[in-house]
Every structure is written in C-alpha cells, then in structure tokens.
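Our numbering puts the last residue of the sequence shown at 489; the count rises by one with no breaks. Here's the structure, in structure tokens; my notes come after.
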Amino acid sequence: MNFQVKSLGMALIAGFGLTVSAIAAPLPPGSVLFGPSTETDPTGGSSVATLSAPFTVAGAFSGTLTTDVISGDTSNPFGGLTFVYTITNDGVAGPNSIGRLSLSEFAAFSADGSYQIPLAVGAVAPASIDRNPSGDVVGFNFVPVASDPATGFLAPGATSAKIVIQTDATAYVTGAFASVIDGGVGTVSAIVPVPEPSTVVLSLVGLAGAALFARRRG
272 MNFQVKSLGM
282 ALIAGFGLTV
292 SAIAAPLPPG
302 SVLFGPSTET
312 DPTGGSSVAT
322 LSAPFTVAGA
332 FSGTLTTDVI
342 SGDTSNPFGG
352 LTFVYTITND
362 GVAGPNSIGR
372 LSLSEFAAFS
382 ADGSYQIPLA
392 VGAVAPASID
402 RNPSGDVVGF
412 NFVPVASDPA
422 TGFLAPGATS
432 AKIVIQTDAT
442 AYVTGAFASV
452 IDGGVGTVSA
462 IVPVPEPSTV
472 VLSLVGLAGA
482 ALFARRRG
C-alpha cells in the first residue's frame with residue numbers, strides 16, 4: 272500500500288469560495304446519528320486532496336468512492352480537515368444495492384457527521400451515521416426511512432449524498448481502505464485522517480522510553 276502523509280501546510284488548490292454556514296452533529300465514540308444532520312457545502316475552504324477509486328464485488332455490486340479533503344473550512348468546529356465522501360453504485364458487476372460504507376483510522380480525532388444539502392437530483396442520503404466505541408470506524412448506512420424520502424437503498428445507478436466528516440485532524444493518508452457491504456464485502460481506497468508525523472515520532476519515542484524504564488526496573 273502506498274501511503275502518503277501530508278499536512279495542512281501544503282499548497283492549497285481548487286478553492287471552493289463557499290459562503291453558507293453548516294449544521295452538523297457531534298459524533299463521539301460509541302454514537303449513532305439517526306436522520307443525520309444536513310450540511311451545506313464546507314465554508315470557505317480549499318481542496319488539498321481528491322481521490323476517486325473504483326471497487327468491484329463480482330456478482331454483487333461495483334462503483335466508485337470519491338474522497339475530497341478540505342482545509343480551511345470555517346464551518347468546521349474543530350478547526351481541522353474536513354473529509355467529504357461520495358459513493359456511486361454503477362450496477363455493472365451485479366444487481367445488489369450497497370447498504371453500508373465504513374472507514375477506519377478516526378480513533379485519534381474529534382469528529383462530527385452530516386450530509387450536504389441541497390441534494391443532487393436522485394442522490395441518496397444515509398439513514399444513519401455511526402462510530403464504534405473505540406472511535407476508530409465511522410460508518411454510513413443506506414436504508415429507506417419512511418419519514419425521510421431522501422433516504423433509501425443505494426441501488427444500481429444511484430449515487431449517495433456527499434457525506435461530511437469534520438475533524439480536528441491536521442494531516443491525512445491516501446491509500447487507506449474503506450469497506451462497502453451488501454451481499455458481499457469489497458474494499459476500496461480512500462483518504463482518512465492520520466496523526467502528524469511528529470506526533471507519531473513522539474509517541475514511538477515515549478513508548479521506547481517506557482519500555483527501557485520497565486526493563487531497567489526489572
């Protein structure tokens with residue numbers, strides 16, 4: 272896997288220039304957002320990374336996961352990077368809908384969750400967004416909810432709403448794997464947050480020091 276760690280200090284490209292403020296909901300570890308909050312496009316930021324990655328589960332489904340990473344989103348309450356995900360089911364590999372998208376590597380970060388409005392014509396909103404108790408995995412569930420006509424199965428030919436996760440992360444990694452599930456499980460490349468390299472180094476130094484201290488005491 273080819274990992275690239277990049278920080279907010281990189282040159283910014285493809286400015287959004289958006290001006291509408293956002294409404295999102297906190298997503299602490301062990302939480303579920305039923306009927307996730309809506310979110311206008313991230314405000315005033317610039318794209319620092321974009322990835323469109325195909326996936327296929329033979330006989331079940333296929334499509335593309337697109338990640339856009341935004342720096343300088345003034346609506347982000349945590350002041351870090353904003354991650355926007357869009358998933359498309361192209362219907363080429365099989366007839367199944369896609370019921371869930373999950374992404375890992377969020378354990379070290381504060382986050383909130385939402386989806387963007389206004390929805391594109393035919394776009395499918397997630398019925399819920401969840402985060403596991405360790406905080407590592409964030410998942411989006413696509414099932415119909417009678418009270419919300421924007422939700423539904425992500426059937427062949429459908430594209431999801433743009434799902435927004437605002438974080439306090441200041442760096443990201445390209446090439447991590449997300450999972451797509453329903454009648455089969457597929458993996459697909461995505462961009463997710465990652466601690467700054469200096470933070471990782473300090474953590475490793477701390478662990479090494481603790482191990483040395485324990486060894487000397489023994």
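Just so you know, even glycine gets a beta-carbon here, dropped at the ideal spot from N, CA and C.
Which same chain residues, not among the five before or five after residue i, have their C-beta less than 6 Å away from its C-beta?
i	result
S373	V408, G410 and S450
P297	D383
P389	none
A482	The pLDDT assigned to A482 is 41, lower than 50, so where the model puts this residue is not dependable; a value taken from the coordinates is nonetheless given after this. Answer for A482: no residue qualifies.
When the distance is taken between beta carbons, is residue j closer than 8 Å to residue i?
i	j	result
R371	N412	yes
G334	T357	no
V463	S399	no
S381	D453	no
A331	G423	no
Would you give the residue range spanned by the beta strand (DSSP E) that residue i belongs to?
i	result
I434	I434 to T438
I369	Premise fails: I369 is in no beta strand (DSSP E) and is neither H nor E.
V408	Note, V408: premise wrong, no beta strand (DSSP E); not H, not E.
F305	V303 to F305
A324	S317 to V328
S381	Careful: S381 lies outside any beta strand (DSSP E) and carries neither H nor E.
Can you pull the DSSP bridge partners for residue i?
i	result
I388	Looking at the DSSP assignment, I388 forms no beta bridge with any residue, so it has no partner.
G457	V451
Tell me which same chain residues have a C-beta within less than 7 Å of the C-beta of residue i, skipping the five on either side of it?
i	result
A378	S405, G406 and D407
Y443	K277, A320, V340, L352, I462, V463, P464 and V465
Can you give me the Cβ contacts of residue i inside the same chain, cut-off strictly under 8 Å, excluding the 5 residues immediately before and after it?
i	result
F305	A398 and S399
Take every Cβ of the region 386-394, pair it with every Cβ of the region 317-332, and state whether three or more of those distances are shorter than 8 Å. no
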